[in-house]
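Following the working numbering, the numbering of the sequence shown begins with 4 at its first residue and continues without gaps.
Virtual Cβ for every residue (Gly too), placed ideally from N, Cα, C.
Remarks on the structure that follows.
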Amino acid sequence: MAQYLLRDGTQVTVSSDPTSFDVLTYQTMSGEAVHAVLTMKAERDILRSVDLGRLVALSDDLSVFNSAVVA
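Okay, structure coming up:
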């Protein structure tokens, strides 16, 4: 999973290959790679690469919610 830094400063983790997008890759102090998005098109393409069907299917899995701990 690749971590992206969007243009507004938001960080997202997406399972898309960073070499497919216009990004600048840097390493954090802990050695983790972060891919800073350079263009609006790249940001849009990264966000569109998210499989929303899978997210919806996960939200339908009640066991995920039942196992959550409320603080």
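Contacts around residue i, its chain only, beta-carbon distance under 6 Å, and the 5 residues preceding and following it disregarded
i	result
T42	D25
T16	M4, Q6
Cβ pair residue i, residue j closer than 8 Å
i	j	result
M4	S18	yes
L8	E46	no
V37	Y29	yes
Own chain, CB closer than 8 Å to residue i, minus 5 neighbours either side, in chain order
i	result
K44	D25
T31	V37
Short CB-CB distance (under 8 Å) between residue i and chain C
i	result
Y7	In summary, chain C is missing from the structure at hand, where a single protein chain is found.
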